[in-house]
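>
Residue numbers (UniProt numbering): 1 to 429.
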C-alpha cells in the first residue's frame with residue numbers, strides 16, 4: 001500500500017504509514033497490558049517484551065523460541081507438555097520477570113515451529129539436541145529447566161543427557177512415560193469422564209470398513225517401533241521396543257481386529273488414534289472429529305479433579321485451529337505409541353545421572369492429579385534420594401492456585417535461593 005502511494009507521488013503515503021505504525025504500537029501495548037494484568041507478579045511492562053526467533057535444523061524443521069524477562073536475569077528454559085501442546089505465554093506468570101530470563105521453546109511440530117504437526121525426524125533425542133542448539137544460539141552457558149507433565153519427563157531426559165548445561169530442574173506433575181500411565185489415560189480414566197471417553201472411542205473407530213479394520217500399524221513407521229507400546233503395554237514396563245512389525249500383519253482378514261474392542265485395551269485405542277491422525281490415514285473430517293473428541297476427553301478428565309467447569313468443545317473451530325488440533329494430537333499419539341523413546345526405567349536412570357553430576361532436582365505433584373499418578377513422586381524419590389519433592393493439594397495443571405503458588409516458590413528457591421525460601425520443599429528420605 002505505501003509502496004504504491006509513494007510510486008504515484010501521493011501525499012497520503014506517510015499518513016498511511018504513520019497510521020499503521022500507530023495501530024501496531026497500540027496492539028502491542030494492549031497485548032502487554034493484558035499479560036501484565038494476568039501476571040501474578042505484576043512485573044513492569046518493559047520486562048514483558050519478548051524476543052522471538054527460529055532455529056533451522058539440518059533435517060528440515062524450524063524450532064521456534066521466545067525470550068522474556070530481564071536480559072541479565074537467571075536463565076530458565078520452559079518445556080511444555082503434551083507431547084504436542086506448544087508453549088503457553090501464561091507460563092511467564094510463574095516467574096518474576098525482573099529476576100529471570102525465561103526461554104519458551106516450541107518443540108518440533110508444535111506451536112510456531114514448522115512444519116506443524118510433522119512427526120518426521122521427531123523423537124525425544126531430536127528435542128534434546130534442539131534444546132542444546134537454542135542454548136548455544138542464545139549464548140547461555142548453563143540454564144535452569146522447568147517442565148510440566150511431558151515437559152517434566154523431557155526435563156529429566158535433557159538434564160541426564162547434558163548435565164553440564166543445567167543448573168537445576170523443577171518439575172510439575174511428573175510423567176514417567178510408562179505403559180502404566182498410558183493405560184491410565186486411555187482406559188482407567190474413562191470412569192472420570194465416561195461420555196467423553198465414549199466419544200473418543202467412537203471417533204477413533206471412524207468408518208472401520210472404509211479404513212480396512214485396524215490396518216497395518218507398520219505402514220506408518222519405517223522403523224516398526226510402534227509395537228513397543230501398541231503390542232506390549234499390558235505385559236510390563238520392561239518390554240522391548242521395536243521387535244515387531246505390526247499389530248495385524250499375522251492376522252487373517254476375517255479375524256476380529258483388536259480395535260473392535262477398545263474398552264480395555266489402551267494399545268488398541270491409541271494405535272487407532274495414531275492411524276486416523278497420521279497424514280493419509282483418514283480424511284480431514286475424520287481427523288477433525290477425533291482431535292475434538294480427544295481434546296474433549298482430555299478436558300473432561302482434567303476437570304474431574306477441579307472445581308472449575310470444563311470448557312465446551314462443541315463450538316465451531318476455525319480451519320486453522322482445526323489443523324493445529326490435528327497436529328497436536330498426531331504428535332501426541334506418535335510419542336505415546338513409542339513410549340516417548342524413554343520408558344520409566346530409562347528416564348529414572350537419566351534422573352540418577354543428572355543428580356550424580358550435581359544437578360539438583362525438585363518435583364511438585366498434585367494429590368488430585370488425574371493424569372499423572374502421584375506415585376510418580378515416590379518413584380522419583382526412591383531413584384534419586386536427594387530429590388526435593390512436594391505433594392500439593394491440587395490437580396494436574398499449573399493454573400491450579402495451590403500448585404501454581406508452590407511452583408513459583410520452588411522456582412525461586414531453586415534458582416534464586418534466599419535463606420528463607422524453600423521451606424515447603426523437603427529432601428526425599
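For glycine and all other residues, C-beta sits at the position ideal for the given N, C-alpha and C.
#1: Among the residues of its own chain, which have a CB less than 7 Å from the CB of residue 416, if the five just before and after it don't count?
#2: Alpha carbons only, please: which of 206, 336 and 295 is nearest the one belonging to residue 276?
#3: Can you list the alpha helix (DSSP H) stretches of 4 or more residues lying completely in the segment 87-165, in chain order?
#4: Taking only the alpha-carbon atoms, compute the straight-line gap between residue 111 and residue 353 and give it to the nearest angstrom.
#5: Measure how close the beta-carbons of residue 152 and residue 173 come, nearest whole angstrom, since I'm counting them as under 8 Å.
#6: Tell me whether the beta-carbon of residue 364 lies closer than 9 Å to the beta-carbon of residue 390.
#7: In three-state DSSP terms, what is residue 409?
#8: Would you mind stating whether residue 66 and residue 97 have Cβ atoms separated by less than 9 Å?
#9: Looking only at C-alpha atoms, which of 284, 127, 114 and 167 sits nearest to residue 414?
#10: Is it the case that the Cβ atoms of residue 129 and residue 64 are separated by a distance below 9 Å?
#11: Inspect the beta-carbon positions of residue 348 and residue 383 and report whether they are closer than 9 Å.
#12: Hey, how far is the Cα of residue 132 from the Cα of residue 343?
#13: Which of helix, strand or coil does DSSP assign to residue 293?
#14: Can you check whether the C-beta of residue 108 is within less than 9 Å of a C-beta belonging to chain B?
#15: Any contact between the segment 72-87 and the segment 141-149? By contact I mean 3 or more CB pairs, one from each, below 8 Å.
#16: Suppose only complete runs of 3+ residues qualify. What are the beta strand (DSSP E) ranges in the segment 361-418, listed by chain order?
#17: Among the residues of its own chain, which have a CB less than 6 Å from the CB of residue 376, if the five just before and after it don't count?
#18: For the beta strand (DSSP E) that residue 68 lies in, which residues bound it at each end?
#19: Given a cut-off of 9 Å, decide if residue 84 and residue 327 are closer than it, judged by their beta-carbon atoms.
#20: Rounded to whole angstroms, what's the CA-CA distance from residue 51 to residue 68? Just pull it up for me.
#21: Do you know how far the Cα of residue 283 is from the Cα of residue 87?
#22: If you count every other CB in all the chains shown that lies within 10 Å of the CB of residue 370, and 16 or more means buried, which is it?
#23: Given a cut-off of 9 Å, decide if residue 367 and residue 392 are closer than it, judged by their beta-carbon atoms.
#24: With distance defined between alpha-carbon atoms, name the residue in 195, 202 and 179 nearest to residue 336.
#25: Going by DSSP, which residues form a beta bridge with residue 277?
#26: Looking at residue 155: is its Cβ nearer than 9 Å to the Cβ of residue 170?
#27: On the DSSP bridge list, what partners appear for residue 79?
#28: Look at residue 90 and residue 331 and say whether their C-beta atoms are less than 9 Å apart.
#29: Tell me whether residue 190 is buried or exposed, calling it buried when 16 or more other Cβ atoms sit within 10 Å of its Cβ.
#30: Spell out the partners DSSP gives residue 172 in its beta bridges.
#31: What I want to know is whether the C-beta of residue 393 ends up closer than 8 Å to one or more non-hydrogen atoms of the ligand MN.
#32: Please state whether the Cβ-Cβ distance between residue 119 and residue 288 is less than 9 Å.
#33: Secondary structure at residue 358, three-state DSSP: helix, strand or coil?
#34: Out of 159, 58 and 186, which one is the CA nearest neighbour of residue 295?
Based on what the coordinates show:
#1: 74 and 99, listed in sequence order.
#2: When only C-alpha atoms are compared, the closest one is 206.
#3: As far as the segment 87-165 is concerned, its whole alpha helix (DSSP H) runs of at least 4 residues are 124-137 and 150-161.
#4: Cα-Cα distance, rounded: 31 Å.
#5: About 6 Å separates the two Cβ atoms, so the contact holds.
#6: Closer than 9 Å, so yes.
#7: Residue 409 falls in the helix class under three-state DSSP.
#8: Cβ atoms of residue 66 and residue 97: not closer than 9 Å.
#9: Closest in C-alpha terms to residue 414, from the list 284, 127, 114 and 167, comes 167.
#10: Pairing residue 129 with residue 64 gives a Cβ-Cβ distance that is not under 9 Å.
#11: Yes, the Cβ-Cβ distance between residue 348 and residue 383 is below 9 Å.
#12: Counting only the Cα atoms, residue 343 lies some 22 Å from residue 132.
#13: Residue 293 carries a helical assignment under DSSP once its states are collapsed to helix, strand and coil.
#14: Absent here is chain B; the protein component of the structure consists of one chain.
#15: With a cut-off of 8 Å on Cβ pairs, the segment 72-87 is in contact with the segment 141-149, counting three or more such pairs.
#16: Qualifying beta strand (DSSP E) stretches, in chain order: 361-366 and 388-392.
#17: Excluding sequence neighbours, residue 376 sits near 174 and 176.
#18: Residue 68: member of the beta strand (DSSP E) spanning 62-69, first to last residue.
#19: Yes, these two residues count as a Cβ contact at 9 Å.
#20: For residue 51 and residue 68, the distance between alpha carbons rounds to 7 Å.
#21: Roughly 28 Å separates the two Cα atoms.
#22: With 16 or more Cβ atoms within 10 Å of its Cβ, residue 370 is classed as buried.
#23: Against a cut-off of 9 Å, the Cβ pair of residue 367 and residue 392 comes out as a contact.
#24: Nearest of 195, 202 and 179 to residue 336, Cα basis: 179.
#25: DSSP output for residue 277 lists no bridge partner at all.
#26: Cβ distance < 9 Å, so residue 155 and residue 170 count as in contact.
#27: Beta-bridge annotation (DSSP): residue 79 is paired with 105 and 147.
#28: No, these two residues do not count as a Cβ contact at 9 Å.
#29: Here residue 190 is buried: its Cβ has 16 or more other Cβ atoms, across all protein chains shown, within 10 Å.
#30: Residue 172 pairs with 148 and 364.
#31: In terms of ligand content, the structure shown is empty, and the ligand MN therefore cannot be addressed.
#32: No, the Cβ-Cβ distance between residue 119 and residue 288 is not below 9 Å.
#33: In this structure, DSSP gives residue 358 a state outside helix and strand, which the three-state scheme calls coil.
#34: Measuring from the Cα of residue 295, the nearest candidate turns out to be 186.
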